[in-house]
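Basically the numbering used here = 1-based index in the sequence shown + 83.
Okay, so here's the structure we're looking at.
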Amino acid sequence: MRRLNLDQLHTFSEVIDAGSFSAAAARLDLSQPAVSLQVRQLEQRLNVRLIERVGKRLKPTSAGQTLLEHARRIDAAVEDAMQALSSHALGAAGEVAIGTGATACIHLLPPMLRAMRKRHPLLDIRVSTGNTDDVVAAVTENRLDIGLVTLPAAGRSLHVTPVLQDEFVAIAPASDNEWAHEVTPHALAAAPMVAFESGSSTRLLIDEWFLQAGIRMRPVMALGSIEAIKEMVAAGLGYSIVPRMSVGAGHHRRGLRISTLTPALSRTLAIVVRQDKPLTPGLRKVLSALESLGCAV
């Protein structure tokens, strides 16, 4: 099946509209021989005569008139396509899928996502949550475009960019007036611990913090939701260690007493992207916004 050449088709339309090869050449900023060649090649491709001369003006043949009707619709469709693609080229449209942990999703990303939506309303940023291993696997398999995860995170096909350090703090019920402003692993060991679920990157970091002090932590609860952990602590069912970002805003630390840890404990959040990932303008804008999170915290 013979395919139409869009440039030849557009040139043919311009010749008919202008009434001559020379006038069409001036409109298209081409030489007259180049315009004549394109029309001739189109006629050869279709094996029909498209233009005839009536007096001093060129007119479409019957076949040319039929093609012209289609050409105008094709021109309009091409223009619509180019307009749609131009927004992608400017980074203002498209879809970007981000994977991250629940804490970052709740307490870190919303201001960035709000700003991105305001600046680029046609850019569809989709966020899903999971632990570091699941997010890294999804990025590796190209099911997600970007991961924002807790280090360590590794993969031979991944580019890992540290973004920010997030300090951990201890939380206790606000009603516990004896809770110290600064706590150590040994001071915490005697109290009931409400912990993150086993196997998560955050839980591994906290376990290691206790082990460095020679303590093996045995929590009374292990939950997958940081908001559930905070609710349990606020209800007086124990204490916990959580990222500071999760209690940064007043309404997120309601019912809680916050203490610093000695020695200090922190985690590093990093962006993970496939090394061979094509960086579209939209993806570049999202990456830039994520990289700037370190300056905002």
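Glycine included, C-beta positions come from ideal geometry on N, C-alpha and C.
Given the structure is predicted, the values throughout are model-derived calculations rather than measurements.
Item                                                                                                                       : Value
Residue nearest to S258 in terms of C-alpha spacing, selected from V131, Q115, L320, D112                                  : L320
Local conformation of K360 per DSSP, three classes                                                                         : coil
Environment of Q121 [buried if 16+ CB atoms lie within 10 Å]                                                               : buried
DSSP three-state assignment for T183, whether helix, strand or coil                                                        : strand
Beta-carbon proximity of I254 to K313, cut-off 8 Å                                                                         : yes
Boundaries (first-last residue) of the beta strand (DSSP E) holding D249                                                   : 241 to 256
Neighbourhood of T215 by C-beta distance below 6 Å, restricted to the same chain and skipping five residues each side      : V232, T233, A236, S284
Extent of the continuous beta strand (DSSP E) run through L306                                                             : 304 to 306
Three CB pairs or more closer than 8 Å across the segment 332 to 341 and the segment 298 to 317                            : yes
Cα-Cα separation, A273 to R301                                                                                             : 10 Å
Cα-Cα separation, S375 to R202                                                                                             : 16 Å
K201, DSSP secondary structure in three states                                                                             : helix
is_contact[I134, chain B] using C-beta, thresh 8 Å                                                                         : Chain labels in this structure do not include chain B; a single protein chain is all it has.
Bridge partner(s) assigned by DSSP for F279                                                                                : L306
Chain-order list of residues whose beta-carbon lies under 7 Å from that of Q248 (same chain, five-residue window excluded) : S349, T351
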